[in-house]
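This report refers to the structure that appears directly beneath it.
Numbering (this note's numbering), first residue to last: 3 to 524.
Below, the structure is given as structure tokens:
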């Protein structure tokens, strides 16, 4: 070792030393030397698996060594390919997480782009809860709408999701995802402001209300397709779970306080004027997003590719990718069965089957929102403890199973209310554990260049079954009864686990391991 190793060229090569090791410092036997030998064997095995360097090629760990005669050493094709791969990897879009001056990772709350984005989302979510109360009340109080006309408001709000594949394919080919989100926020604000303006002028009609709901729903789908790639540019993959937890916590908090805030504003200002709060929240969201500075990847131009072709490619990728295919099947199944009950049937069950007064019903639904908040906060810890894939599987069971618990509620008023409240709490806990973990996993699994179209494909299939589930649930409740409907929702929802078991998802512990799951070629 003291004389150094000789390369095949006859050049004298300096002994291999660990980084920072002084040449005069001897290595201890059995420690670093053994590790160097083991490392050499590991490199040889890695080379053999990849086809390896050509015969006679010596892989060196020291600086470049020139052969005898002073000529520059020839770079082999294998080495050139390795350098090209390294160059390609270095040119990819790299996102830096929140770090202090020493380079140590810090809380997301100290990451300015994330904080601005989270605040804009939280404000917008609070405004949405106000509109969810105010818009139906506009139909009922200002337009004297029937039950069927009010039901159409829900249908029109969900209808744009059926075009999610086309909207996602269109978004994928456009630069400036942040500007598109801002534009959607401003558009929704203007659309909502048209309602109180028309009401004040005495020109508000049911058709106008339907148009606003439909257009706002379409803008929401468009913004959602643009936000998916924007989110991955905002943060590194290691922060996805924590960030999704914080976004979900804000949403859950809005469901706790939002309905009460919306009801109070409607009572104080009337329903049409209360919608102004939601419009202002969209404008505030747009202003905050304008201050976010994120390096966005420029989408490559696809010559001759139309929106329909892009939509088909997005769906085809989902169906080929083992992680995306299993997650889509799981979420579609669980959403169909849990929407058999819907929020309306839960209220009907509490009133007719359990005999709970309206105040107690509202309290139990509020407990469910509290469970969602707790679930959003504990999801990162659970995913770190048992693995993100297993966290998805646990949420898949914990989300629908408590519907069966509500069926056994009996006894005095406090017992019936307690069982229903516990069921709602566990449902909220399960849905957040499921959503936070699966959304983070999907963000890491979807290739960056097709994120919007894949999100659109998910919206079309996943959200498209929700109205269908609600219709089937209403028919089932009318024919077999509410308790039977709740049992079917619980059992059918838990069967969605069958999509996950044969897939790679339960074995995924961290998002870093997502690289090994690549879709097969078409």
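We treat Cβ as the ideally placed atom computed from N, Cα and C, and that holds for glycine. Values in this document were obtained by computation on a predicted structure and should not be read as measured data.
- By the Cβ-count criterion, residue 391 is buried, with 16 or more other Cβ atoms from all chains shown falling within 10 Å of its own Cβ.
- One Cα belongs to residue 154, the other to residue 234, and the distance between them is close to 35 Å.
- Here the alpha carbon of residue 327 sits roughly 43 Å from the alpha carbon of residue 274.
- Residue 401 carries a coil assignment under DSSP once its states are collapsed to helix, strand and coil.
- Annotated three-state conformation of residue 448 is coil, per DSSP.
- No beta strand (DSSP E) of 3 residues or more sits fully in the region 286-348.
- In the three-state scheme derived from DSSP, where H, G and I count as helix and E and B as strand, residue 210 is classed as helix.
- The Cβ atoms of residue 195 and residue 158 do not sit closer than 8 Å to each other.
- The C-beta of residue 334 has 16 or more other C-beta atoms within 10 Å across all chains shown, which makes the residue buried.
- In terms of CA proximity to residue 448, 227 leads the group 260, 369 and 227.
- Bounds of any alpha helix (DSSP H) do not take in residue 355, whose DSSP letter is neither H nor E.
- DSSP places residue 376 within a helical segment (H, G or I) once states are collapsed to three.
- Residues of the same chain with a CB within less than 7 Å of the CB of residue 491, apart from the 5 flanking positions on each side, are 339, 340, 342, 343, 402 and 405 in chain order.
- Secondary structure of residue 146 (DSSP, three-state): coil.
- Cα atoms of residue 455 and residue 314: separation of roughly 9 Å, rounded to the nearest angstrom.
- DSSP assignment within the region 174-227 yields the following whole alpha helix (DSSP H) runs of 4 residues or more, N-terminal first: 179-203.
- Within the same chain, Cβ atoms closer than 7 Å to the Cβ of residue 336 are found at 398, 401, 402, 495 and 498, the five residues on either side in sequence being excluded.
- Residue environment analysis places residue 162 among the buried positions, since at least 16 neighbouring C-beta atoms fall within 10 angstroms of its C-beta.
- Around the beta carbon of residue 230, 16 or more other beta carbons sit within 10 angstroms, so the residue counts as buried.
- Counted as a single uninterrupted DSSP element, the alpha helix (DSSP H) harbouring residue 115 occupies residues 114-139.
- The Cβ atoms of residue 182 and residue 173 lie closer than 8 Å to each other.
- Straight-line measurement puts the Cα of residue 430 at about 9 Å from the Cα of residue 378.
- The three-state secondary structure of residue 505, taken from DSSP, is coil.
- Contact check for residue 375 against residue 255 passes: the beta carbons are separated by less than 8 Å.
- Nearest to residue 189 by alpha-carbon distance, out of 440, 220, 442 and 444, is 220.
- The alpha-carbon of residue 432 is positioned some 46 Å away from that of residue 204.
- Between residue 296 and residue 115 the beta-carbon gap is near 6 Å, inside 8 Å, which marks them as a contact.
- Within the same chain, Cβ atoms closer than 6 Å to the Cβ of residue 225 are found at 183 and 186, the five residues on either side in sequence being excluded.
- Going by DSSP, residue 261 is part of the alpha helix (DSSP H) stretching over 242-271.
- Look at residue 162 here: in three-state DSSP terms it is helix.
- For residue 485, the enclosing alpha helix (DSSP H) covers residues 484-496.
- Residue 290 and residue 118 do touch by the CB rule: their CB atoms are close to 5 Å apart, below 8 Å.
- Residue burial is scored here from C-beta neighbours: residue 223 has at least 16 other C-beta atoms within 10 angstroms and is therefore classed as buried.
- Contact between the region 411-422 and the region 453-473 is absent: fewer than 3 CB-CB pairs across the two stretches fall below 8 Å.
- The C-alpha of residue 263 lies about 14 Å from the C-alpha of residue 137.
- The beta carbon of residue 469 lies closer than 7 Å to those of 157 and 160 in the same chain, with the five residues before and after it left out.
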